[in-house]
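Residue numbers for the sequence shown follow the working numbering, beginning at 35 and rising by one. For every residue, glycine included, the Cβ atom is placed at its ideal position computed from N, Cα and C. These notes are about the structure you will find just below.
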Amino acid sequence: MKVIYNPNCSKCRALEKELDSHEVNWEKLTYLETGISSEIIAKLFAEYEGDWRDLVREKESVFKEAGLNPKDMSRNEMMAFLVEHPIAIQRPIVIKGKQIIIARDEARIKQAID
35 MKVIYNPNCS
45 KCRALEKELD
55 SHEVNWEKLT
65 YLETGISSEI
75 IAKLFAEYEG
85 DWRDLVREKE
95 SVFKEAGLNP
105 KDMSRNEMMA
115 FLVEHPIAIQ
125 RPIVIKGKQI
135 IIARDEARIK
145 QAID
């Protein structure tokens with residue numbers, strides 16, 4: 035299991051606490067430090083079962099700074115944008131095999147652990 039993780043995010047820290055307390059073996063993808071590959075972004079967009087826009091933090095200032103409205107961007111435009119501006123990726127996102135879980139609440143955290 036891999037987690038797209040930001041140590042400054044309270045939701046990420048809450049997920050980390052739960053995963054560790056359940057002794058789940060997982061890997062942190064600290065995307066703000068290391069960047070994120072186009073392959074990982076493509077996997078998220080291909081395998082997430084909901085609306086791909088759920089994977090995006092549309093209110094991040096980086097969109098305004100770039101003069102873009104995220105609601106007007108195509109899927110491919112957004113994928114390329116996220117590689118260049120990973121701050122706009124929703125978090126935490128759990129990659130569990132082919133399952134993509136946005137683990138921002140207790141139910142999704144439980145889904146990630148089970």
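Residue i and residue j closer than 7 Å at C-beta
i: VAL58; j: VAL128; result: no
i: PHE39; j: PRO126; result: Strictly speaking, residue 39 in this sequence is Tyr, with Phe absent from that position. In contact: TYR39 and PRO126 (Cβ atoms closer than 7 Å).
i: LYS51; j: ARG138; result: no
i: LEU89; j: GLN124; result: yes
DSSP-derived helix/strand/coil call for residue i
i: VAL58; result: coil
i: ILE123; result: strand
For residue j and residue i, believed in contact at Cβ under 8 Å, the rounded distance
i: MET35; j: LYS130; result: 5 Å
i: ILE136; j: HIS56; result: In fact, because the Cβ distance is near 19 Å, the residues do not count as touching under 8 Å.
Close beta carbons around residue i, own chain, < 7 Å, minus the five adjacent residues each side
i: VAL117; result: ILE70, SER72, ILE75
i: LYS62; result: VAL37, TYR39
According to DSSP, residues forming a beta bridge with residue i
i: LEU63; result: ILE38
i: ILE135; result: VAL128
i: VAL90; result: ILE123
Interface flag, residue i vs chain D, CB-CB below 7 Å
i: LEU53; result: Note that chain D does not occur in the displayed structure, where there is just one protein chain.
Residues near residue i by beta carbon distance below 6 Å, same chain, minus five either side
i: ILE164; result: Nothing about residue 164 can be read from this structure; the chain reaches only from 35 to 148.
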